[in-house]
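*Asks:* Before we start, here is the structure in question, set down as structure tokens.
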DNA sequence: GGGGGCTATGGGGGG
DNA sequence: CATAGCCCCC
């Protein structure tokens, strides 16, 4: 008989049971630092050791980094078979499958992936086409409505029929979101483009509609499914998981790992409800709770436990450690954000000399990316190497996106967003007026931007400019058909004039841009030279189209530079899953952390608290918290109270007792120095109190009467027109220059 | 059609 | 404050 594999001896009892329960549904509730990744990887290794083929295992993560980490750890146990495990992010795995199956749902194999910028640009255009007021229809808000609809499996038709959603949109003064959504989906389809949510939604559609038995094919293929960070899945992801796992005679080999206390992505639709639903959907579920923390010393663990008790509604769980008591948590106060930065940098220097900590062992974590600046300033001044993650990613930089747009346009002639970006960059005399005319023709005759460009009749001069542009792109496209990604990219870089343009800019910024541009080209070269295994598949296709597919889902965090010794600066969200010997959590102030956006709803504060919980549990030995009494925010000096979270830490775990304010912080809105408050845009009408307002029936609103509106105040009805069942009143409100057009069936007006 | 400057607006997290 | 969209002027 074979001896038990040695990796099983590296596990505690609960971990080992979780690893060895291979069949049937399993839920692993894993506290921070409890060996979650170890359990996941050893479980996969154990599956392979038990004779399961690596490609029959599907492991879904939220970041590429987590997937890579997992694979490299599996590799240590089972060797290079690990490469063939289908491990990757939800988005990348589904994108890869869709690339093969897309025609079954009416998409081309070489579909484009629209990033957030593309999506917003498209929405901006749609809002314009529909003649909607872009002050009430904010692209960001509209996109987030669409995104959350998709994440909840609500297609445009269902959206248009949901009284609840329509009501919400009306309240937010954007009643026609449902129409924008419908148009947006059609335009994406027409462009052969998917946005991030579509990668999930259309994969769901593929399985659900089941053309050619494709669902059964993938159900059979993925015999074992694992989901990491389950607390951050949304409804759509859960639905996909169920489609893969639930079928007649299924062994339901599904293992999900998560921690409700670390759920920090509800803003993008994640719901802890999935954990509860999972328990209901799989009654034979086996639950394992990992509560022993191997990462942090006692004071840190105790503080984490204490803090999280302030949240209601959580799965009962208490992490513990048998590590030493360790250092107490240090709290640093600065009078200003600048002083906070300096004192944090001072503390880093002190830790480095006294405790011999390397840069890589240190992280500065903040709530918002904008906070990195001051820390960068002092680290630079002290000659400490650092690296900022997040913020504007490499692929979002203008010079990089421009080049990528050229590549996209050269591969997919229907990619309207790419074309609009490059048609006149570098300048070639095709201006806004021409572009508008092309867009209008495309809209009118339902053509792609590219086809409209070829069809439109304008002045001789303009037409020849357009022809020259089309000829150029056609040559790029031809090159892309035959040459590899690098040759094509170089051909495009030179042929488009981008190379020359960027090279010729001698300014500091220009040199930086040219460097980024070259870094992109180097990346293409690397792509064609290395046979990478991605998501369990060896990439042999070296075409530009494939390259584009591979980079579409990359972020800043994926860019590994591990030989360098640098201090890590990143948002707390980005730090999830990581650990550092010494962690600085900075900016612990009311309105910043917790964010002012969260202060109105208790459940949002709870999420901020979970975020704080995530932050402090990244630390192994040294945890330092900091705040500033004042800081520049949005162009103004603001005074914020210390964060309520500071008070939730047990006092005997804090070193600098007395720094924290004794009294409960005042949670009122930020105070402003002097009278720098920006004047309110337009006249802010007097708000009408709830009780004083009795809306009149629609029939009472007639021309000439004076009415009261909750937001706009008093006004005179000048005119009523519009369709019978959608009457529009033109009302002149006091103190508002332009008359408002108000739909009577929605608006609440009181006749005075 | 291009460029510069004004102003409104955001202001959070990310695949 | 930083940025982006928009408007106006050349």
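Numbering (this note's numbering), first residue to last: 539 to 1290. In this text, a Cβ means the ideal position worked out from N, Cα and C, and glycines have one as well.
In whole angstroms, what is the alpha-carbon distance linking residue 557 and residue 804?
*Replies:* One C-alpha to the other measures close to 29 Å.
*Asks:* Suppose contacts are defined by Cβ-Cβ distances below 8 Å. Is residue 505 in contact with residue 1111 by that definition?
*Replies:* With the chain represented from 539 up to 1290, any question about residue 505 goes unanswered, as that position is not in the structure.
*Asks:* Around the Cβ of residue 638, are there at least 16 other Cβ atoms within 10 angstroms (buried) or fewer (exposed)?
*Replies:* The residue in question, residue 638, is exposed, as its Cβ has fewer than 16 Cβ neighbours within 10 Å.
*Asks:* State buried or exposed for residue 629, treating a residue as buried only when at least 16 other CB atoms are found within 10 Å of its CB.
*Replies:* It counts as buried.
*Asks:* Helix, strand or coil, according to DSSP, for residue 492 in the structure here?
*Replies:* Because residue 492 is not part of the residues shown, which for the chain are 539 to 1290, the question remains open.
*Asks:* Buried or exposed, going by whether 16 or more other CB atoms sit within 10 Å of the CB of residue 694?
*Replies:* Classification of residue 694: buried, given that the 10 Å Cβ count is 16 or more.
*Asks:* Return helix, strand or coil for residue 852, following the three-state DSSP convention.
*Replies:* Residue 852 falls in the coil class under three-state DSSP.
*Asks:* If you draw a straight line from the C-alpha of residue 673 to the C-alpha of residue 1186, how long is it?
*Replies:* Going from the Cα of residue 673 to the Cα of residue 1186 covers about 41 Å.
*Asks:* May I ask you to list the residues that DSSP assigns as paired with residue 566?
*Replies:* Paired residue(s): 795 and 826.
*Asks:* Is residue 1156 buried or exposed, if buried means 16 or more other CB atoms sit within 10 Å of its CB?
*Replies:* That one is buried.
*Asks:* Considering only the alpha carbon of each residue, which of 724, 719 and 573 lies closest to residue 795?
*Replies:* Selected option, being the one with the closest Cα: 573.
*Asks:* Check whether the Cβ atoms of residue 646 and residue 622 lie closer than 8 Å to each other.
*Replies:* Contact: no.
*Asks:* May I have a chain-ordered list of the alpha helix (DSSP H) segments no shorter than 4 residues that lie completely inside the region 899–963?
*Replies:* Entirely contained in the region 899–963, the alpha helix (DSSP H) runs reaching 4 residues are, in chain order, 910–919, 936–949 and 954–960.
*Asks:* Using DSSP's beta-bridge definition, name the partner residues of residue 1129.
*Replies:* Residue 1129 pairs with 1133.
*Asks:* On the DSSP letters alone, give me the boundaries of the beta strand (DSSP E) that residue 874 sits inside.
*Replies:* Its beta strand (DSSP E) spans residues 868–874.
*Asks:* Quick check: what's the CA-CA separation for residue 835 versus residue 552?
*Replies:* Going from the Cα of residue 835 to the Cα of residue 552 covers about 21 Å.
*Asks:* Compare the Cα-Cα distances from residue 788 to each of 799, 760 and 814 and report the closest residue.
*Replies:* Measuring from the Cα of residue 788, the nearest candidate turns out to be 760.
*Asks:* Excluding the five sequence neighbours on either side, which residues of its own chain have a C-beta within less than 7 Å of the C-beta of residue 1130, listed in chain order?
*Replies:* The answer, listed in chain order, is 905 and 1178.
*Asks:* Taking the C-alpha atoms as reference points, what is the distance between residue 1043 and residue 978?
*Replies:* Their backbone Cα atoms lie some 35 Å apart in a straight line.
*Asks:* On the criterion of 16 or more Cβ atoms from any shown chain inside 10 Å, does residue 965 qualify as buried, or is it exposed?
*Replies:* It is exposed - the Cβ of residue 965 has fewer than 16 other Cβ atoms within 10 Å.
*Asks:* Can you tell me where the beta strand (DSSP E) with residue 1167 in it begins and where it stops?
*Replies:* Segment 1157–1171, the beta strand (DSSP E) holding residue 1167.
*Asks:* Cβ of residue 922 within 8 Å of Cβ of residue 886?
*Replies:* Yes, Cβ-Cβ distance for residue 922 and residue 886 is below 8 Å.
*Asks:* By the 10 Å Cβ neighbour count, where 16 or more other Cβ atoms means buried, how is residue 872 classified, buried or exposed?
*Replies:* With 16 or more other Cβ atoms within 10 Å, it is buried.
*Asks:* Decide if residue 908 is buried, meaning its Cβ has at least 16 other Cβ atoms within 10 Å, or exposed.
*Replies:* Exposed, because fewer than 16 other Cβ atoms sit within 10 Å of the Cβ of residue 908.
*Asks:* Please tell me whether residue 857 and residue 570 are closer than 8 Å, where the distance is taken between their beta carbons.
*Replies:* Taking 8 Å as the Cβ cut-off, residue 857 and residue 570 qualify as a contacting pair.
*Asks:* With a 10 Å radius around its C-beta and 16 neighbouring C-beta atoms as the bar for buried, classify residue 1113 as buried or exposed.
*Replies:* Per the 10 Å Cβ criterion, buried.
*Asks:* Using the beta-carbon count (16 or more within 10 Å), is residue 894 buried or exposed?
*Replies:* By the 10 Å Cβ count, residue 894 comes out exposed.
*Asks:* Going along the chain, which unbroken runs of the beta strand (DSSP E) with 3 or more residues stay wholly within the region 550–598?
*Replies:* 564–568, all fully within the region 550–598.
*Asks:* Do residue 620 and residue 613 have their CB atoms nearer than 8 Å?
*Replies:* In this structure, residue 613 lies closer than 8 Å to residue 620 by Cβ.
*Asks:* Taking C-beta to C-beta, are residue 955 and residue 656 nearer than 8 Å?
*Replies:* Yes, the Cβ-Cβ distance between residue 955 and residue 656 is below 8 Å.
*Asks:* Take residue 550 and list the residues in its own chain whose beta-carbon comes closer than 8 Å to its own, dropping the five residues that flank it on each side.
*Replies:* Answer for residue 550: 573 and 830, listed in chain order.
*Asks:* Using 10 angstroms around the beta-carbon of residue 616, count the other beta-carbons present and answer buried if the total reaches 16, otherwise exposed.
*Replies:* That one is buried.
*Asks:* Should the region 940–953 be regarded as contacting the region 1029–1042, the criterion being three or more beta carbon pairs within less than 8 Å?
*Replies:* Cβ pair count under 8 Å is three or more, so yes.
*Asks:* In whole angstroms, give me the CA-to-CA distance for residue 650 and residue 952.
*Replies:* Each residue's alpha carbon lies about 9 Å from the other.
*Asks:* Report the option in 1153, 1159, 1132 and 1152 whose CA atom is closest to the CA atom of residue 1146.
*Replies:* Residue 1132 is the option with its Cα nearest to residue 1146.
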